[in-house]
Amino acid sequence: MTSSAIVGVAESDLGVTNKSILALQAQAITRALADAGLSLTDVDGIATSGVSRFSATQVADYLGVQPAWSDSTFAGGSAYEMYVARAAQAIEAGQASVVVVSFASNQRSAKSRRLGGLVESHTPEAQFEAPYGPLYPISYYAMAAQRYMHEYNASPADLAQVAILARDWALKNPKAYRYGSQPLTVDDVLGSTMVSTPLTAADCCLVTDGGGAVVITSLERARDLRPDPIRILGYGEATTNTSMSQVPLLPTGARESGQRAFAAAGLVPADVDVIQLYDSFTITVLLSLEALGFCAPGEASSFVSSAETRLGGRQPLNTSGGGLSYCHPGQYGVLLLVEAVRQLRGEAGERQVDQPSIALAHGTGGILSTHATVLLGVDG
Amino acid sequence: MIENLAPVPDEVTQEWWDATREKRLLLQSCNSCQHAQHYPRTVCVSCGASDLEWIPSAGNGVVDSYTVVHRAPHPDLETPYVIARIRLDDGPTLLSRIVDFDEAVLACDLRVSLKWQDIPGGYRLPVFRLDHQ
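Chains as they are written, first to last, in this note's numbering: chain P, 365 to 744; chain A, 3 to 135.
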């Protein structure tokens, strides 16, 4: 249990914005501060990445802020769950009082995404893996999926359940990229363009613009700012690999990350009322559900396809529509936190879960490289 | 393979790449704990010692996992091709390709053997072929 709280959340514009990265960052941050009843002059901590080499510094410069504390840990989509942990520590240590955690990307407008990823020539991967031509990150997740299917006698139809669920939720979220489209079927997913077996295009997250921001302060100050601060109950993380060959595919580092977060919060998976998992690919969700302890190994697909993960179920899952059907700006982790907070505050509209008191947000970065878990709860 | 992704050896990996010219697959073995590792580096990832020597691998192993790539990351790559993690009998796992493949037969845990593929610059890439297909 920490003595810090989330007091403001917001999305930037999403989808196809034709806006610059820093304009989207500023939009998300100022909206989240307004949500918190704060302004830029209150900010003394900034955590962000994906802007430039000096990401936090760049955003601070753009906003005219000279922060007392900053963090640009680069951990892909899980960085934002890590930033929540570091922000809570900085606030408790007295190093900062109001921290903004943010991310934004214009990758769809800018057409900046590459199937092979970015190979850095001085790394071992550049010598020993890139010459074979793997898709990055898709081929690694594809190999994890293939191994998963082999060990648990699962099929591509089991993976498809994750995409079907995401679409069902997105149809309830007016901000979702796929809002207003049709429900997905197993045949839709299996019949989509094959990318890297067993993953089809429908097993892969969207490529969109978008961003978000989260404002963190002490619980004491948060209670003065609004009646419904969201407490940071616990966090944990694990870092496992950058290459495609050095660690077993299963289970992932989500196991250690989750164990650390649940231990810190004094909670168990059954205590969680609403689950937000990084869904870079359908397989990511099955692996994370099992590693975090929500399902026994091999049983995640039947959980996902059940009523338990839907509105009225025991543990609704990825209620925004996720990276698969709502928004995936390249590093989706901050938007997991935004949705978790909205659900706990009761602000999720048509997709609102019935009075949840505890939410889990779990980010995954790189090629199952970095894993970070945050447990959030209503106050009182 | 991709010309602009041809390997550029460094002082630690030069000997490994030189051995590929003679179709020899090298691994590193730790003289303190006998752990075998690949890719080459300056420390043993098992015990932290830095006294490492090169040992030859017979190049036999199993398919840890694989994926058939249908959309190439570069226009000069012809699809489909198979990216695989090969778990060598010697211990280490390496990323590679399975060549001459029959997709209907491909599966995890099948046995494979080493083949060599020429790449620009005179080096060779270790690739693998299913033992029975």
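Here a beta-carbon is modelled for each residue, glycine too, at the ideal position from N, C-alpha and C. Quick caveat, the model's predicted, so the values are computed rather than measured.
Kindly say whether residue i, judged by its beta-carbon, lies nearer than 9 Å to any beta-carbon of chain P.
i	result
A/LEU96	yes
A/PRO58	no
A/TRP19	yes
A/SER67	yes
A/THR15	yes
A/VAL64	no
A/HIS2	Because chain A spans 3 through 135 in this model, residue 2 of chain A falls outside it and cannot be assessed.
A/HIS134	no
A/CYS110	yes
A/VAL10	yes
A/LEU116	no
A/LEU79	yes
Rounded to the nearest angstrom, how far is the Cβ of residue i from that of residue j, given a contact under 8 Å?
i	j	result
A/VAL153	A/LEU108	Chain A is shown only over 3 to 135; residue 153 of chain A falls outside these bounds and no answer can be derived.
P/LEU724	P/VAL636	5 Å
P/VAL373	P/VAL742	Between P/VAL742 and P/VAL373 the Cβ distance is about 14 Å, and since that is not below 8 Å, they are no contact.
P/VAL429	P/LEU397	About 11 Å; that fails the 8 Å criterion.
P/ALA494	P/VAL483	5 Å
Report buried or exposed for residue i, applying the criterion of at least 16 other Cβ atoms within 10 angstroms of its Cβ.
i	result
P/LEU653	buried
P/LYS383	buried
P/LEU563	buried
P/GLN679	buried
P/GLY401	exposed
A/GLU80	exposed
P/GLU445	buried
P/SER393	Here the sequence assigns Ile to residue 393 of chain P, which means Ser is not the residue at that position. The residue in question, P/ILE393, is buried, as its Cβ has 16 or more Cβ neighbours within 10 Å.
P/VAL418	The identity of residue 418 of chain P in the sequence shown is Phe, whereas the question assumes Val. Per the 10 Å Cβ criterion, exposed.
P/GLU375	buried
P/PHE438	exposed
Under 9 Å between the Cβ atoms of residue i and residue j?
i	j	result
P/THR734	P/THR603	yes
A/ASP12	P/ARG511	no
P/ALA534	P/GLY685	yes
P/ALA454	P/VAL463	yes
P/ARG542	P/TYR696	no
P/ILE647	P/ALA508	yes
P/GLY662	P/TYR516	yes
P/MET365	P/TYR504	no
A/SER31	P/TYR496	no
A/THR15	A/TRP118	no
P/ALA411	P/THR581	no
P/GLY389	P/VAL423	Note on identity: in this sequence residue 389 of chain P is Gln, with Gly being the wrong assignment. It is a contact, given that the beta carbons lie within the stated cut-off.
P/ILE731	P/PRO488	no
P/SER469	P/ILE594	no
P/LEU699	P/GLY574	yes
P/GLY657	P/PRO693	no
Please confirm whether residue i has its beta-carbon closer than 9 Å to some beta-carbon of chain A.
i	result
P/GLN640	no
P/SER519	no
P/GLN354	Given that chain P is displayed from residue 365 to residue 744, the structure contains no residue 354 of chain P and the question cannot be resolved.
P/HIS514	yes
P/SER434	no
P/SER607	yes
P/SER733	no
P/ALA524	no
P/LEU570	no
P/SER503	yes
P/ALA655	no
Does the ligand FMN have even one heavy atom less than 8 Å from the beta-carbon of residue i?
i	result
A/ASP104	Of the ligands one can find in the structure shown there are none, so the ligand FMN has no counterpart to examine.
*Quick one: which residues of the stretch 37–55 of chain A get their C-beta closer than 7 Å to a C-beta of chain P? List them in chain order.*
TYR41
*Residues of the stretch 471–500 of chain P with a CB closer than 9 Å to any CB of chain A: list them in chain order, please.*
ARG478, LEU479, GLY480, GLY481, VAL483, SER485, HIS486, PRO488, GLU489, ALA490, GLN491, PHE492, GLU493, ALA494, PRO495, TYR496, GLY497, PRO498, LEU499, TYR500
*Closer than 7 Å, Cβ to any Cβ of chain A: which residues of the stretch 552–564 of chain P, in chain order?*
MET558, VAL559, SER560, THR561
*Any residues in the stretch 436–451 of chain P with a beta carbon nearer than 7 Å to a beta carbon of chain A? Which ones, in chain order?*
none
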